[in-house]
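For the sequence shown, counting from 1, position 133 maps to 141 in the numbering used here; every step adds exactly one.
Virtual Cβ for every residue (Gly too), placed ideally from N, Cα, C.
The structure under discussion appears below in the form of structure tokens.
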Amino acid sequence: MISDYVLTEADALHRRKCEDPVAMGSYTLDSHNCSRFVRDGRVLNEGDVQLPPAGPYGVSYRSLVPARGECTNLLVPVCLSSSHIAYGTVRMEPVFMAMAESAALAAVIAIRKNISVQDVPYADLRRELDAASQVLENQ
């Protein structure tokens, strides 16, 4: 999914501040070998990346919702709007759990207010996440 907000290495490297966090990522920016090929009789690997993030960082709510023109009643906590390299930092089960809980709470708000998921007020969602003791900032 490509949404209006795409999680990238800029988030993990703290080059962009998350204004609407719903979870925190912190795992290594990693991409295992993408291909293996033979050159001059030697096997070579291509595409391996291993880079630590700059520390825990916020995952934006906007990366969980599709572009408004695509769909208005869908939340995507696992196959979120993310670059390949940034996905490596959020692909761990604890982050999936946090994003899924956040998506569920956002869905409840959208249903109760009869609004699209893109229109869920972040202040309302943040209140629910704080009440659920969701960790949203590096302390």
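Paired residues, beta bridge with E54 - DSSP: As a first step, residue 54 must be located in the sequence shown, where it is residue number 46. Partner(s): S43.
Three-state class that DSSP yields for A140 in the structure shown: The residue you call residue 140 lines up with position 132 of the sequence shown. A140 falls in the coil class under three-state DSSP.
Cα-Cα separation between P61 and L21, rounded to whole angstroms: Locating residue 61 in the sequence shown gives position 53, where the first residue counts as 1. Locating residue 21 in the sequence shown gives position 13, where the first residue counts as 1. Distance between the alpha carbons of P61 and L21: 5 Å.
Three-state secondary structure (DSSP) of P29: Locating residue 29 in the sequence shown gives position 21, counting from the first residue. Correct three-state label for P29: strand.
Stretch-stretch touch, CB-based, cutoff 8 Å, three pairs: the segment 31 to 47 with the segment 88 to 99: yes
Distance CB(P102)-CB(G66) smaller than 9 Å: For this step, residue 102 is matched to residue 94 along the sequence shown. For this step, residue 66 is matched to residue 58 along the sequence shown. Not a contact, by the Cβ cut-off of 9 Å.
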